[in-house]
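With the first sequence counted from 1, adding 55 to any position gets you my numbering. Ideal Cβ positions, reconstructed from N, Cα and C, are used throughout, including at glycine. The next block holds one structure in the form of structure tokens; read it before the comments.
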Amino acid sequence: MPELPEVETIRRQLEPLVTGRRVTRLDVRDRRWTGSVGPDSVTATVSGRRIERLSRRGKYLIWELEDEVFLLMHLRMTGTLLVDPVATPAHTRVAITLQPTPAEGCGRLIAFVDPRRFGTGELVCGRGALETFLDARLGLEPLDPAFTAAHLRTLARGRQVPIKAFVLDQRQVAGVGNIYADEALFGARIHPLRPAGRLSAAQYGALAEALEQALRAGIAARGATIDDFRHVDGVRGSFQDQFRVHRRAGLPCPDCATLVVKMVVAGRGTYLCEACQPRPRLRRAPAARPSARTATPAGSPESPPPARRR
DNA sequence: AGGTCGGCCTGGCAGC
DNA sequence: TGCTGCCAGGCCGACC
């Protein structure tokens, strides 16, 4: 599923092919693809405009068109962008035709393909509106120089949600999805269920670093292909070959050979090594008391009844 | 306000 | 073989 490295891979491949060219026509074939602005309006606004830049923030791919028109694409789980597919692929939701260049003599077709139809397109007019849109949805990316241990610690202060849920929250940490969250938490030796606000100072540092490393490794490998993700020419990414825990339940941890386990955190399949990522101790009554199994019979002199809390 | 959960969607696969 | 039903999950909105 496309996370930051996958979207960045697409952006880098697409950028030289589209920058400076004019959109002949944008054809929205699935009316549910567009957000607040209707498909006809998206078509009318985008068609005929020149592409000035292709940028990215978090998992959004941003087509920057002339006159401060921005088309924000989100691939969600199964979205892919294909350039000049041999035939129009099944599940094509949007088709973009680019004006021919003198050198090529023919236009290019870019297809937004998305079997599960979770992907979306959003049209935003004006740079201020773009910033407002993004700032409301996205926090800093781990690749941002300002994304430090101190930043993470401040964000997480007082939060009780599991750290995995926290890093998956795009308003906190932009660009991280299920794959890179698992890999980064393993890299930082942090259990995914640990409350976000209860990491040690060293752990915030390790996590900030591990998130950045995981994303950079993903970009270097041109993303991960589990089932749907493809490069713009249909080629697969290779980061899945470097997974250390993600989707490796029952296989040995690369560091200690303990078998990787799968659990559900924040509704997501979550993979970890329980030896390398020790489970947080449960917060309970301050005084340790004997468990029911080993307790001496109630009322005996050795075992006064435990003090009730509150 | 912080946290949890269901809905969206459909291909693939396990189980019968 | 063919059917049913479950699972995957990013994001949003409803709910507690």
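Residue span of the alpha helix (DSSP H) that contains residue i, given as start and end
i, result
"F221", "I218 to L223"
"F173", "Careful: F173 lies outside any alpha helix (DSSP H) and carries neither H nor E."
"R192", "R182 to R192"
"A205", "A204 to A211"
Extent of the continuous beta strand (DSSP E) run through residue i
i, result
"L126", "V124 to H129"
"V429", "Here the chain covers residues 56 to 365 and nothing more, so residue 429 does not appear."
"R148", "T147 to L153"
"G324", "R323 to L327"
"V138", "T135 to V138"
Short Cβ contact (8 Å threshold) for residue i with residue j
i, j, result
"D283", "T135", "yes"
"R163", "D139", "yes"
"R77", "R104", "yes"
"V149", "D82", "yes"
"L109", "W118", "yes"
"E88", "G176", "Note that residue 88 is Trp in the sequence shown, not Glu. Yes. Within cutoff."
"L262", "L207", "yes"
"L72", "V101", "no"
"L178", "L126", "yes"
"L223", "G213", "no"
"F188", "M128", "no"
"R302", "P309", "no"
"A312", "G260", "no"
"L137", "R285", "yes"
"E123", "C180", "yes"
"Q297", "G113", "no"
"L45", "A211", "Look at the range of the chain in this structure, 56 to 365, and you will see that residue 45 is not part of it."
"R84", "T133", "no"
"V287", "L69", "yes"
Per-residue burial, residue i [other beta carbons within 10 Å of its own, 16 or more giving buried]
i, result
"T209", "exposed"
"L153", "buried"
"T64", "buried"
"A257", "exposed"
"C328", "buried"
"V290", "exposed"
"P197", "buried"
"T74", "exposed"
"R334", "exposed"
"S358", "Because the pLDDT at S358 is just 34, under 50, the model does not fix this residue reliably, and the point stays unresolved."
"L314", "exposed"
"P247", "buried"
"V141", "exposed"
"Q215", "exposed"
"G278", "buried"
"C331", "buried"
"T251", "First, the residue type needs correcting, since residue 251 is Ala and not Thr in the sequence shown. Under this definition A251 is a buried residue."
"T156", "exposed"
"A191", "exposed"
"A269", "buried"
"R249", "buried"
"G93", "exposed"
"A347", "Because the pLDDT of A347 is 34, which lies under 50, any placement of that residue in the model is unreliable, and the number read from its coordinates should be weighed accordingly. Under this definition A347 is an exposed residue."
"G305", "exposed"
"G369", "It is not possible to answer for residue 369, since the shown part of the chain is limited to 56 through 365."
Count Cβ pairs between the stretch 305-322 and the stretch 166-178 that sit closer than 8 Å; are there 3 or more?
no
contact_flag[the stretch 213-224, the stretch 235-245] where n(CB pairs < 8 Å) is 3 or more:
yes
Please determine if the stretch 58-68 and the stretch 273-282 are in contact, where contact requires at least 3 C-beta pairs separated by less than 8 Å.
yes
Taking only runs of the alpha helix (DSSP H) that begin and end inside the stretch 219-293, which ones reach a length of at least 4 residues, in chain order?
233-242 and 256-275
What are the uninterrupted segments assigned as alpha helix (DSSP H) that are 4 or more residues long and contained completely in the stretch 59-123, given in chain order?
Runs of the alpha helix (DSSP H) inside the stretch 59-123: 59-73 and 94-101.
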